[in-house]
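Heads up: the sequence shown runs through residues 11 to 315, numbered per our numbering. All C-beta atoms in this analysis are idealised placements derived from N, C-alpha and C, irrespective of residue type, glycine included. Note that the structure is predicted; figures quoted are calculated from it, not measured. Report on one structure; see the data block that follows.
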Amino acid sequence: MSSPRIALAPDGVRGWLSDAIEAGGGTVVPPQDAEALVWAEPAKAKELDQLLHAAAAGVKWVQLPWAGIEPYVEVIRDDRIWTSGKGVYAEPVAEHALTLLLAGLRGLDRYVRASTWTPPHGTNLLGAKVVILGGGGITKSLLRLLGPFGADVTVVRRRPQAMPGATRVVADDALDDALVGAVGVVIALALTPETEGIFGRDELARMNNRGWLVNVARGKHIVTDELLEALRDGVIGGAALDVTDPEPLPDDHPLWSIPNCIITPHVANTPEMALPLLAARVTDNVRRWATGEPLIGLVDPALGY
Numbered sequence: 011m012s013s014p015r016i017a018l019a020p021d022g023v024r025g026w027l028s029d030a031i032e033a034g035g036g037t038v039v040p041p042q043d044a045e046a047l048v049w050a051e052p053a054k055a056k057e058l059d060q061l062l063h064a065a066a067a068g069v070k071w072v073q074l075p076w077a078g079i080e081p082y083v084e085v086i087r088d089d090r091i092w093t094s095g096k097g098v099y100a101e102p103v104a105e106h107a108l109t110l111l112l113a114g115l116r117g118l119d120r121y122v123r124a125s126t127w128t129p130p131h132g133t134n135l136l137g138a139k140v141v142i143l144g145g146g147g148i149t150k151s152l153l154r155l156l157g158p159f160g161a162d163v164t165v166v167r168r169r170p171q172a173m174p175g176a177t178r179v180v181a182d183d184a185l186d187d188a189l190v191g192a193v194g195v196v197i198a199l200a201l202t203p204e205t206e207g208i209f210g211r212d213e214l215a216r217m218n219n220r221g222w223l224v225n226v227a228r229g230k231h232i233v234t235d236e237l238l239e240a241l242r243d244g245v246i247g248g249a250a251l252d253v254t255d256p257e258p259l260p261d262d263h264p265l266w267s268i269p270n271c272i273i274t275p276h277v278a279n280t281p282e283m284a285l286p287l288l289a290a291r292v293t294d295n296v297r298r299w300a301t302g303e304p305l306i307g308l309v310d311p312a313l314g315y
């Protein structure tokens with residue numbers, strides 16, 4: 011079995027990815043000699059497109075670095091095999107989602123801002139009604155983490171199918187009914203034209219008025235102005251956001267001053283967490299490419315994720 015010829019781009023990529031390619035049995039070669047390409051830049055879609063039309067025109071498989079492929083939607087075509095990092099970062103992101111949900115429900119938003127002893131406040135996650143939007147790797151990990159709480163969990167996803175740990179799994183068109191009375195809602199969706207703005211005034215109004223909305227996916231899933239209105243009016247208990255629209259959130263944005271809003275700066279998956287996980291994915295996929303096994307994290311150009 012010959013060693014797969016894998017290019018690594020753009021220039022200046024750190025050596026840990028070269029090590030990951032070689033650990034999978036691959037050989038790092040210039041783009042013009044490559045059959046596959048590991049692209050290590052989370053943006054710069056134009057540069058990738060130019061490379062694939064010039065020096066790397068013979069590349070048959072492209073590995074992208076992160077789970078979200080929004081910057082590359084216009085570049086991804088079905089004349090090549092494309093894989094992303096989807097599923098790689100599920101564990102740290104699910105852990106962060108649970109952290110944010112518990113922090114909100116147990117009142118940490120108000121306690122960390124307090125400068126005096128305050129009355130008790132909090133809502134149980136134990137046995138609570140929870141809705142998760144999305145059925146990918148983050149949701150699978152989060153369902154496992156939620157297990158000890160005995161929550162009544164509904165997963166809303168494009169293609170309903172049973173998932174371990176979920177009380178029920180329903181289709182997208184059942185979202186409105188699923189949200190009624192929800193104490194916790196976690197958004198863990200891929201961002202596509204269909205999911206942009208999926209959560210706004212109407213969805214917020216269906217939640218329990220002590221409920222917390224957690225977003226660890228993309229900021230554009232939520233209509234920010236309508237969330238602000240709901241937080242100010244007490245429609246829900248609060249929101250915990252690792253992603254925002256716009257992002258980065260400007261210093262003078264009103265979300266910063268909303269007392270029932272917790273914001274973390276897109277750190278559900280930090281570089282320290284991500285690099286070993288991405289390296290392991292690259293190694294595994296290079297090995298699979300060499301042996302003809304199915305690759306992990308396949309992108310469907312038609313679906314956009």
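Asked	Found
C-alpha gap between residue 225 and residue 214, whole angstroms	13 Å
Cβ separation of residue 175 and residue 156, assumed to be a contact under 8 Å, to the nearest whole Å	7 Å
Buried or exposed (CB count within 10 angstroms, at least 16 for buried), residue 122	exposed
Closest Cα partner of residue 39 within the set 256, 18, 27, 180	18
Contact under 8 Å by Cβ, residue 6 with residue 82	Nothing about residue 6 can be read from this structure; the chain reaches only from 11 to 315.
Chain-order list of residues whose beta-carbon lies under 7 Å from that of residue 33 (same chain, five-residue window excluded)	293
Range of the contiguous beta strand (DSSP E) that encloses residue 194	194-197
Rounded C-alpha distance that separates residue 237 from residue 211	7 Å
Residue 109 classed as buried or exposed, judged by whether at least 16 other C-beta atoms fall within 10 angstroms	buried
Cross-strand partners of residue 139 (DSSP beta bridge)	162
Local conformation of residue 270 per DSSP, three classes	coil
Runs of beta strand (DSSP E) wholly within the region 213-242 (minimum 3 residues, chain order)	222-225
Validate contact between the region 195-210 and the region 232-252 using beta carbons, cut 8 Å, 3 pairs	yes
Beta-bridge partners of residue 18, as assigned by DSSP	48
Under 8 Å between C-beta atoms of residue 140 and residue 161	yes
According to DSSP, residues forming a beta bridge with residue 91	71
Pick from 269, 142, 258 that is closest to residue 217, judged by C-alpha positions	142
Identity of the residues DSSP links to residue 167 by a beta bridge	181
Beta-ladder partner(s) of residue 9, from DSSP	The displayed coordinates of the chain run from 11 to 315. Any statement about residue 9 would go beyond what the structure contains.
With 16 other Cβ atoms within 10 Å as the buried cut-off, status of residue 296	buried
The alpha helix (DSSP H) enclosing residue 25, as first and last residue numbers	25-33
Residues bridged to residue 251 [DSSP beta-bridge criterion]	225, 273
Residue 247 versus residue 270: straight-line alpha-carbon distance, rounded	7 Å
For residue 45 and residue 69, believed in contact at Cβ under 8 Å, the rounded distance	7 Å
Pair within 8 Å by beta-carbon distance, residue 87 and residue 311	yes
In DSSP terms, what residue 37 is bridged to	15
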